[in-house]
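The structure appears right after this line, and notes come after that.
Residue numbers (the working numbering), protein chains in the order written: chain A, 1 to 119; chain B, 120 to 291.
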């Protein structure tokens, strides 16, 4: 059954080889005359100020956390949807209970304004 | 033969990336190595015939959880490495104890699996998952035999959500 993954494996090998080839070939063929302006991360546009590793607002974390929670909730629905035909009404009630508990959390997040991007 | 080569290659990659996660100086690099580690573990899941778990590993762990890790790395200011010199002697002592525990665990597993007849192990490993779709088997098991853990998981998610809001909101 692993043999069915051979096309994917070939695809990965070709993709990696193409990326490596592009980098190596460009390095071999191109003329390199670097100067200070060329070596900047952005050659045009606003000059970079400060360090990229700055502290972020906690709001990003909150959004990411809510995203992961609803992501996991969706993950549970995939096997449920596939086997709902056999589970019938029992499965439907189970999932409704599961969703009800999470909807409580959703309304909590909504009421507390966790979904809004207030400044 | 081919499968064991693949397995040992993947295991070597997983161990290598794991070592890189704990040794890399730049914390963001650690997180990137962690993504590579998760992807290799997903390939192990594919080898075991657990395709659903493999996809979830990529989507939730490599995609979602790692984003959280990145945010945590960005939230705590780790621009410099820990320059307060750690107590080397104490570190090596703790390392020695942990290595001894690990060795004891591995030898226990070896002894236990040697004592058990190999055919029983093989019979336990060869579950007939391939007759129906992998996801369907997971669904049937999760929503019949493991119903209570599934409903408890929703409570866990609810607690995580409320906890995150409580911690991160400026005014509730």
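We put the CB at the ideal spot given by N, CA and C, even for glycine.
Computed from a predicted structure; not experimentally measured.
Just to check my reading of the structure: residue i and residue j have Cβ atoms closer than 8 Å, yes? What is that Cβ distance to the nearest angstrom?
{"i": "residue 108 of chain A", "j": "residue 281 of chain B", "result": "6 Å"}
{"i": "residue 171 of chain B", "j": "residue 257 of chain B", "result": "5 Å"}
{"i": "residue 181 of chain B", "j": "residue 157 of chain B", "result": "4 Å"}
{"i": "residue 183 of chain B", "j": "residue 67 of chain A", "result": "7 Å"}
{"i": "residue 142 of chain B", "j": "residue 192 of chain B", "result": "Not quite, the Cβ-Cβ distance comes to about 16 Å (not below 8 Å), so this is no contact."}
{"i": "residue 128 of chain A", "j": "residue 277 of chain B", "result": "As displayed, chain A neither begins before 1 nor continues past 119, which places residue 128 of chain A out of reach and without an answer."}
{"i": "residue 65 of chain A", "j": "residue 283 of chain B", "result": "4 Å"}
{"i": "residue 42 of chain A", "j": "residue 48 of chain A", "result": "7 Å"}
Looking only at its chain, what residues have a beta carbon closer than 6 Å to the beta carbon of residue i, apart from the 5 residues adjacent to it on each side?
{"i": "residue 102 of chain A", "result": "73"}
{"i": "residue 177 of chain B", "result": "161"}
{"i": "residue 132 of chain B", "result": "159"}
Could you name the residues of the same chain whose beta carbon sits closer than 7 Å to that of residue i, not counting the 5 residues immediately before and after it, in chain order?
{"i": "residue 173 of chain B", "result": "161, 164 and 165"}
{"i": "residue 149 of chain B", "result": "140 and 143"}
{"i": "residue 263 of chain B", "result": "none"}
{"i": "residue 123 of chain B", "result": "none"}
{"i": "residue 169 of chain B", "result": "253"}
Considering residue i, what are the terminal residues of the alpha helix (DSSP H) in which it resides?
{"i": "residue 233 of chain B", "result": "207-234"}
{"i": "residue 80 of chain A", "result": "58-82"}
{"i": "residue 123 of chain B", "result": "121-142"}
{"i": "residue 30 of chain A", "result": "Residue 30 of chain A -> no alpha helix (DSSP H), and no H or E assigned at all."}
{"i": "residue 273 of chain B", "result": "266-287"}
{"i": "residue 158 of chain B", "result": "146-166"}
{"i": "residue 258 of chain B", "result": "253-261"}
Excluding sequence positions up to five away, which residues of its chain have a Cβ less than 8 Å from the Cβ of residue i?
{"i": "residue 32 of chain A", "result": "none"}
{"i": "residue 153 of chain B", "result": "136, 140, 185 and 188"}
task: Name, going along the chain, the residues of the region 77-109 of chain A whose beta-carbon falls closer than 7 Å to a beta-carbon of chain B.
output: Answer set for the region 77-109 of chain A: 78, 79, 80, 82, 83, 86, 87, 91, 94, 97, 98, 101, 102, 104, 105, 108 and 109.
query: Which residues, in chain order, does the region 138-162 of chain B contribute to contact with chain A at a C-beta distance below 7 Å?
result: Correct list: empty, as no residue qualifies.
query: Taking Cβ-Cβ distances below 8 Å as the criterion, which residues of the region 253-278 of chain B are in contact with chain A?
result: Identification of residues in the region 253-278 of chain B having a C-beta nearer than 8 Å to some C-beta of chain A yields 254, 255, 257, 258, 259, 261, 262, 263, 266, 269, 270, 272, 273, 274, 276 and 277, given in sequence order.
- request: Give the residues from the region 17-34 of chain A that approach chain B closer than 7 Å (Cβ to any Cβ), ordered along the chain.
  value: Residues of the region 17-34 of chain A that bring their beta carbon within less than 7 Å of a beta carbon in chain B are absent altogether.
- request: With 8 Å as the C-beta to C-beta threshold (strictly closer), list the residues of the region 56-75 of chain A near chain B in chain order.
  value: Listed in sequence order: 56, 58, 59, 60, 61, 62, 64, 65, 66, 67, 68, 69, 71, 72, 73 and 75.
query: If you measure beta-carbon to beta-carbon, which residues of the region 202-230 of chain B are closer than 9 Å to chain A?
result: Along the region 202-230 of chain B, none of the residues has a CB nearer than 9 Å to a CB of chain A.
query: Relative to chain A, which residues along the region 174-186 of chain B have a C-beta separation below 9 Å, given in chain order?
result: Residues 174, 175, 178, 179, 182, 183, 184 and 186.
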